[in-house]
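Each remark here refers to the structure printed beneath this line.
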Amino acid sequence: MRSEALLLYFTLLQLAGAGFPEDSEPISISHGNYTKQYPAFVGHKPGRNNTQRHKLDIQLIMIMNRTLYIAARDHIYTVDTDAANSDEIFFSKKMTWKSRQADVDTCRMKGKHKDECHNFIKVLLQQNEDTLFVCGTNAFNPSCRTYKLDTLEALGEEISGMARCPYDAKHANVALFAGGRLYSATVTDFLAIDSVIYRSLGDSPTLRTVKHDSKWLKEPYFIQAVDYGDFIYFFYREIAMEYNTMGKHNVRYRLTRIVVDNEAGPYNNHTVVFLGSEKGIIVKFLANMNSGILNDSLFLEELNVYNPDKCSIDGVDDKRIIGMQIDSKIHALWVAFSSCVVKVPLSRCERHGRCKKSCIASRDPYCGWVSEGACKQVVGNIKSAFEQDVEQGNTDGLGDCQNTFVALNDVPSSYEGHHHRHHPHTLSLPTSALPEAAEVPLGRGRMVERKDPPMSSDKGEDPYVAVPSQTQPEANADEV
């Protein structure tokens, strides 16, 4: 697992801050008018009047012991990942940790806005089987505490968060526990001048990078830390000296997060990569693990998962994806924005409906054509018969479909009567960038382009025909 994580973040290094060109096209697209059905967490508890909305300022999410932990401003929420959700996701527990008034007053005295003088939870780690290690900005006076994992009850004394947690919520940081010691990467001062990689706690002496030495760290943006072998690897990006001499690139969106499912499909032998962006878009790739180079990876899907109806606060949309956690057990991807967390299925097989050609051409390892005559999710150890062609997407001999499935590319009505041609997109990266997976001979395959214009429907069916293109703890939820 640790080696897989290390390889994963080689990819993250290359993709962080990167973007896709405008002309890249996925096999299918799901816009917000379809994904708005997905349930979202917006900070409410069950059984209360949930019309009131608050700014959550979510900082990170993580899954431990079938519980989703949501670290936000002044609070940590827990969500049962196995609970059924329809429209809204509710928390089961909420721990409140607000800054002391003296810290808030000092923060304001130093010129910070009142909205900045809160306790933004920036570190949330499982320290051992029973405890959580939590650090927050604490009104620009970072502090850390230990909590019981199951009850969120505080344990022991509060300690300084200096060099373990940033002062400002806007600053990137990473942290992990390894061998009983905390390894962190952040800044050590109020003005964020001194960037540091730091070892503390445990039975070893503290250790840090050289202070104010640009040869070590030059305005780094920390991305992730990985425990591998005898070393802790810290991944970050810096502004290169040649940055100003580079021309601007026309990109659709810039990437912010990555998660990998290296056991996708009914036989757990495919690798699927999910990339989050600053515009609320998730792109999904089928990684081709072949001959040491990640050649011709297939752009499966593009999803707009940001829901302004659920996630917008006072009409302000913050679409940047700040965290993603994959949950294979329930076939879901948890996607965090600053004001909400959306639970997104890993696939949308139902959109192909009873169109076998579309289902097979999708090449989605999560989807298969079943004997009932429909495209459905196929998971590991499936016992019923199904068909899929992830390697080639070969649809020879399969007829075209009309009005038998939901429009995959959500063609707006203003485009009715027009023909659209899409082109395949491939992504080339070193195979070392992704976790190892069983070798599968992936071919380019033949995709199917739209042959007929959308047809109207008088029966309430989707009027568009889409053929894939080529291309402090709270018991019983009571606040303390």
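Read in order, the letters of the sequence shown are residues -18 to -1, 1 to 462 in mature numbering (1 follows the signal peptide of the UniProt record, and there is no 0). Glycine is no exception: its CB is placed at the ideal position from the N, C-alpha and C atoms.
When the alpha-carbon of residue 335 is set against those of 103, 80, 354 and 206, the nearest one is in 354. Sixteen is the threshold: since fewer than 16 other Cβ atoms of the shown chains lie within 10 Å of the Cβ of residue 175, the residue is exposed.
Bounds of the alpha helix (DSSP H) holding residue 292 are 290 to 293.
Secondary structure of residue 83 (DSSP, three-state): helix. Per DSSP, the continuous alpha helix (DSSP H) segment holding residue 341 begins and ends at 338 to 343. When the five nearest sequence neighbours on each side are left out, the beta carbons in the same chain lying within less than 7 Å of the beta carbon of residue 137 are those of 113, 128, 129 and 130, in order along the chain.
Taking the Cα of residue 24 as reference, the smallest distance to any Cα among 350, 333 and 295 is reached at 295. By DSSP's assignment, residue 131 forms no beta bridge with any residue. Among the bridge pairs identified by DSSP, residue 316 is matched with 307 and 325.
If you look at residue 17, you'll find it in the alpha helix (DSSP H) that goes 14 to 17. Residue burial is scored here from C-beta neighbours: residue 351 has at least 16 other C-beta atoms within 10 angstroms and is therefore classed as buried. Annotation: residue 66 is outside any beta strand (DSSP E) and is labelled neither H nor E by DSSP.
Here residue 198 is exposed. Its C-beta has fewer than 16 other C-beta atoms within 10 Å. In the three-state reduction of the DSSP assignment, residue 104 falls in the strand class, which pools E and B. Shown here for residue 266: same chain residues with a beta carbon closer than 6 Å to its own, the five before and five after excluded, namely 256, 282 and 283 in chain order.
The bridge partners DSSP lists for residue 256 are 241 and 266. Rounded to whole angstroms, the separation of the alpha carbons of residue 356 and residue 42 is 38 Å. In this structure, the CA atom of residue 68 is about 10 Å from the CA atom of residue 325. In the three-state reduction of the DSSP assignment, residue 371 falls in the coil class. Contact check for residue 71 against residue 86 fails: the beta carbons are separated by 8 Å or more. The alpha-carbon of residue 38 is positioned some 16 Å away from that of residue 316. Counting only the Cα atoms, residue 372 lies some 17 Å from residue 379.
The Cβ neighbour count for residue 220, taken over all protein chains shown within 10 Å, is under 16; the residue is labelled exposed. Of the candidates 246, 253 and 237, the residue whose Cα lies closest to the Cα of residue 261 is 237.
According to the DSSP secondary-structure assignment, residue 60 is paired through a beta bridge with 51 and 75. Residue 203 and residue 104 have their C-alpha atoms roughly 14 Å apart. At a Cβ-Cβ threshold of 8 Å, residue 345 and residue 9 count as neighbours. Residue burial annotation: residue 111 is exposed, with fewer than 16 other C-beta atoms found within 10 angstroms of its C-beta. Shown here for residue 12: same chain residues with a beta carbon closer than 8 Å to its own, the five before and five after excluded, namely 283, 284, 285, 286, 330, 333, 390 and 392 in chain order. Each residue's CA atom was taken as its position, placing residue 200 and residue 216 some 14 Å apart. For residue 209 against residue 308, the beta-carbon gap comes to about 19 Å, at or over 8 Å, which does not count as contact.
If you compare the alpha carbons of 382, 339, 361 and 167 with that of residue 375, the shortest gap goes to 339. Going by C-alpha positions, residue 73 is about 7 Å away from residue 26. Just so you know, the alpha carbons of residue 194 and residue 19 end up roughly 49 Å apart. One Cα belongs to residue 82, the other to residue 342, and the distance between them is close to 59 Å.
In the three-state reduction of the DSSP assignment, residue 271 falls in the coil class.
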